[in-house]
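Report on one structure; see the data block that follows.
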Amino acid sequence: MQLQVARIGKPHGIRGEVTVQVLTDAPGDRFTAGTQFVVEPATAGPLTILSARWNKDILLLAFEEIETRNEAETLRGAKLFVETEELDDDDDDEGWYEHELEGLEVRVGDQVVGKVSGLHTLPVQDLLVVTANDGKEVLIPFVEQIVPEVNVGEGYVLVTPPPGLFEVNAEDEAKAETKAKPASAGPADASVSADASDNTGDNTGDNA
118 MQLQVARIGK PHGIRGEVTV QVLTDAPGDR FTAGTQFVVE PATAGPLTIL
168 SARWNKDILL LAFEEIETRN EAETLRGAKL FVETEELDDD DDDEGWYEHE
218 LEGLEVRVGD QVVGKVSGLH TLPVQDLLVV TANDGKEVLI PFVEQIVPEV
268 NVGEGYVLVT PPPGLFEVNA EDEAKAETKA KPASAGPADA SVSADASDNT
318 GDNTGDNA
């Protein structure tokens, strides 16, 4: 089977290096010199690692097949896959990969609020990239408290986002507040009383 382990970002420098978004918990094993990747789109590959190094928290890869910045630019957005017979312990069923999540509906309760468009794998916390119904990009912490259910078979993820993160939350909160507020007739009653008082005064004057 094929397992996606990275997505290529922008070029770095002039010698063909590229930045890489890591999509595996075992980068030290996956990104070593000589490793060959199946690439999507296929026209961009295969690619073989020449060197791998870290620049702060960003992985930089150089490939044997790529020598210039212009060539590296053509790889932007390409997905890197490795052939594997079975998942490693670090790639078990408790984790999800970007290609498995992309296109899934994002639901808040019974409402569909968008679709998963990507996954940012970061050292501290992964972020689920969601394209909301209004076209805006929303980043959601990919933790169990906020994304309690991922159902690839049914084609959705269930999220419990902080209030206001999606437009639906703001609308629901406004409705809830409206229902919670008791009706107040104070100002209207005061107006009626004032009108009644004026009418009484007018009638008294007429009788006199």
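Numbering (the working numbering), first residue to last: 118 to 325.
C-beta: ideal position from N, C-alpha, C; glycine also.
Just so we're clear, the structure is a prediction, and the values are computed from it rather than from any experiment.
**OP:** Report back the beta-carbon spacing between V267 and V247 to the nearest angstrom; my notes put them in contact at under 8 Å.
**Re:** As a first step, residue 267 is located in the sequence shown; it is residue number 150 there, counting from the start. As a first step, residue 247 is located in the sequence shown; it is residue number 130 there, counting from the start. So it is not a contact: roughly 13 Å between Cβ atoms.
Subject >> DSSP bridge partner residues for I175 (one or two, in chain order) >> reply: For the purposes of this step, residue 175 is taken as residue 58 along the sequence shown, with counting starting at 1. N172, per the DSSP bridge assignment.
Subject >> Pairwise C-alpha distance: Q228 and P144 >> reply: Position 27 of the sequence shown, counting from 1, holds the residue named residue 144. Position 111 of the sequence shown, counting from 1, holds the residue named residue 228. Near 37 Å, if we compare the C-alpha coordinates of Q228 and P144.
Original post:
Which first and last residues belong to the beta strand (DSSP E) in which A123 is found?
Top reply: Translated into positions along the sequence shown, residue 123 becomes position 6. Run containing A123: Q119 to H129, per the beta strand (DSSP E) assignment.
Original post:
Is DSSP giving R193 helix, strand or coil here?
Top reply: Here the question's residue 193 lines up with position 76 in the sequence shown. R193: coil per DSSP, three-state reduction.
Original post:
Hey, how far is the Cα of D174 from the Cα of V139?
Top reply: Taking the sequence shown and counting its residues from 1, the one referred to as residue 174 is at position 57. Taking the sequence shown and counting its residues from 1, the one referred to as residue 139 is at position 22. Cα-Cα distance, rounded: 10 Å.
**OP:** May I ask which residues mark the beginning and end of the beta strand (DSSP E) holding R224?
**Re:** Within the sequence shown, numbered from 1, the residue matching residue 224 stands at position 107. Segment E222 to V225, the beta strand (DSSP E) holding R224.
Original post:
To the nearest angstrom, how far is it from the Cα of E182 to the Cα of L164?
Top reply: Start at 1 with the first residue of the sequence shown, and residue 182 comes out as number 65. Start at 1 with the first residue of the sequence shown, and residue 164 comes out as number 47. Their Cα atoms are separated by approximately 6 Å.
Original post:
With C-beta atoms as the reference, is L245 less than 8 Å away from K232?
Top reply: Taking the sequence shown and counting its residues from 1, one reaches residue 245 at position 128. Taking the sequence shown and counting its residues from 1, one reaches residue 232 at position 115. Between L245 and K232, the C-beta spacing is not below 8 Å.
Original post:
Leaving out the 5 sequence neighbours to the left and right, which residues in its chain are closer than 7 Å to H129 when beta-carbon positions are compared?
Top reply: In the sequence shown, residue 129 corresponds to position 12, counting from 1. Excluding residues within five positions, the ones whose Cβ falls inside 7 Å are V135, T136 and L177.
**OP:** Would you mind stating whether L197 and Q121 have Cβ atoms separated by less than 8 Å?
**Re:** Reading the sequence shown from its first residue, position 80 is the one you call residue 197. Reading the sequence shown from its first residue, position 4 is the one you call residue 121. Cβ distance < 8 Å, so L197 and Q121 count as in contact.
**OP:** Would you please state the rounded distance, in angstroms, between the beta carbons of P280 and I257? I believe it to be under 8 Å.
**Re:** Within the sequence shown, the letter at position 163 stands for residue 280. Within the sequence shown, the letter at position 140 stands for residue 257. Incorrect: roughly 14 Å between the Cβ atoms, too far for contact.
Original post:
Using the rule of at least 16 other Cβ atoms within 10 Å of the residue's Cβ for burial, across every protein chain shown, is G133 buried or exposed?
Top reply: One-based indexing of the sequence shown puts residue 133 at position 16. It is buried - the Cβ of G133 has at least 16 other Cβ atoms within 10 Å.
Subject >> For V264 and V274, believed in contact at Cβ under 8 Å, the rounded distance >> reply: Here residue 274 refers to the residue found at position 157 when the sequence shown is read from its first residue. Here residue 264 refers to the residue found at position 147 when the sequence shown is read from its first residue. 6 Å between Cβ atoms; contact.
Original post:
By DSSP, does N268 sit in helix, in strand, or in coil?
Top reply: Position 151 of the sequence shown, counted from the first residue, corresponds to residue 268. Correct three-state label for N268: strand.
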